[in-house]
Structures are given as C-alpha cells and as structure tokens.
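Residue numbers (my numbering): 46 to 306.
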C-alpha cells in the first residue's frame, strides 16, 4: 500500500514545458499516483496537463486533467469544485506554479514583470488555498504543500522571484497557524538547483553548453550534484503522508545543502 493510498490530490502546475528532464509538478503528480492517489493535474495549458495524465495512466494510475489560470480567483474556485465533482473531495493540495521570466535587479525590473511574477508565484497560492481550505476544514483535515524556493533565503541578482518566494514562505507559516486547529497541515518545500526544464532558463546565451552550465551550478552545492524533480516529489510525498502528521508550518530546504553556506 502506498503512502498516498486512496487520497485525492490536486497538483496545480502539473504540466510542464518541453524539455529533456521532468519537471517538479509532473514528478509529484506521477509519484502520488504511484503511491495510490487519485490525481487531478491542473495546468494553464491543457495539453501539458494531459501529457502528465497520460504518463500516469501508462503506469495504470488514476488521473484526470483540468485547465485553469490560477491568477484568476474564479478559476481557482473552479479547480476545487471540479475536484469535488469528479473525485468527491480533496485531501492534498500541491501548489507548484512559478515563473521567473523577465526578472531582474531592482532598477532594471519592469513593472509588468514584477506584477506577473508576484501574481503567479504568490497570489495564486493564496487563491487556490483560499478556495480549498473551507472544504478541508469541513472534512476534518487536509494537507497543503507549497513549492517555494531556496531563493527565498538568498535571492541573488533577481528581485521579484526571491521576494515572491519569501512571500510564499510567510503565507505558508501563517496558513499553518490559522488552520492547525482544523487539522489542516500547511508546509513548503524550498528547492535549490534542480534540473528541470526551468533550470536551463537561466543558462547564459554565450555558447555555454547544458553540460557546462550544470557543472557550473554544481560547484556551489555541498552535496556535489544538482537535484532532480524526484527529490522534490519524494519530499512532497512525505510531507503529505501520515508519517508527517505532526509537521506543519515547516519550510523544508531540498537543496543539497546550499542553505548551510
């Protein structure tokens, strides 16, 4: 029996852009399904969500797709109502959406980029959580897992991405405190350098190869390697499981030790 046997899971951001590696959202959706969960894969791009569902079904898992723009409150409400209609409820909500496109330093950052990054990375998590929490409270419990970033602790040269993820951390601890009396646990995972399709967005365009870029990023990691989406997925599975029933309000680094530097 899997760690998520017969749990009903919503993975927001469960599709992914094209790439040779698997993304965090898809890996989490697949791993939850492998461990017995029924999964609703949500993505703005329905085709990307469908691709994740197909991968789950190829392994005889249970999954369905749903398209939504999580920057819109009505869409977030529709995610939860659709989950109730098709699965009968939601025990686990995973918030995985995030963008970094257009980010820059404080003087160069465009206002439109700031607004977009803050809306998608932070506001959307509040909107989906707000839509789901009444259901979880009424059911007597549930789990919310927010995907933050180690950039929340050290944002580097980009301003809005790190600030948005710092906001995710604050939102996580606040929601954990507010909802603990209802047996709803809220935790966040802070990935470090994880080799997903998004990983290569920051690669310089001066002729550096993906192998050279990966090697460069590895140098700053105490464990001596970049992570994979499966590292994030296994952390999420644990935090959602009964083995973590006494854990809430935690901001978990999954970063190969970068936070210790």
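Ideal Cβ positions, reconstructed from N, Cα and C, are used throughout, including at glycine. Treat the numbers as computed from the prediction; the structure is a model and nothing was measured.
C-beta contact flag for residue i and residue j at 9 Å
i	j	result
residue 196	residue 217	no
residue 108	residue 124	no
residue 150	residue 202	yes
residue 48	residue 287	yes
residue 192	residue 277	yes
residue 169	residue 138	no
residue 55	residue 177	yes
residue 70	residue 89	no
Cα-Cα separation between residue i and residue j, rounded to whole angstroms
i	j	result
residue 254	residue 186	47 Å
residue 284	residue 292	7 Å
residue 157	residue 141	22 Å
residue 237	residue 274	11 Å
residue 227	residue 259	43 Å
residue 92	residue 257	32 Å
residue 38	residue 119	Outside the modelled stretch of the chain, which goes from 46 to 306, sits residue 38, for which no answer is possible.
residue 80	residue 306	35 Å
residue 153	residue 159	11 Å
residue 182	residue 98	28 Å
residue 310	residue 215	Because residue 310 is not part of the residues shown, which for the chain are 46 to 306, the question remains open.
residue 239	residue 111	26 Å
residue 261	residue 76	29 Å
residue 282	residue 264	28 Å
residue 115	residue 78	23 Å
residue 189	residue 250	37 Å
residue 213	residue 134	25 Å
residue 241	residue 272	9 Å
Under the three-state DSSP convention, the category residue i falls into
i	result
residue 141	coil
residue 115	coil
residue 152	coil
residue 296	strand
residue 124	helix
residue 240	coil
residue 253	coil
residue 306	coil
residue 232	strand
residue 67	coil
residue 212	helix
residue 277	helix
residue 83	strand
residue 207	helix
residue 108	strand
residue 89	coil
residue 270	coil
residue 62	coil
Residue from the options with nearest C-alpha to residue i
i	options	result
residue 63	121, 94, 80	94
residue 57	175, 66, 99, 121	121
residue 219	184, 80, 296	296
residue 145	164, 102, 250, 132	164
residue 290	278, 239, 237, 229	229
residue 352	269, 298, 263	Limits of the chain in this structure are 46 at one end and 306 at the other, which puts residue 352 out of reach.
residue 222	272, 294, 267	294
residue 83	90, 176, 73	73
residue 50	147, 65, 59, 136	136
residue 143	184, 194, 103, 179	194
residue 198	132, 269, 300, 271	300
Cβ of residue i within 9 Å of any chain C Cβ
i	result
residue 116	Protein chains in the displayed structure number just one, and chain C is not present.
*Are three or more beta carbon pairs between the stretch 239-246 and the stretch 203-211 nearer than 8 Å?*
Contact between the stretch 239-246 and the stretch 203-211 is absent, with fewer than three C-beta pairs closer than 8 Å.
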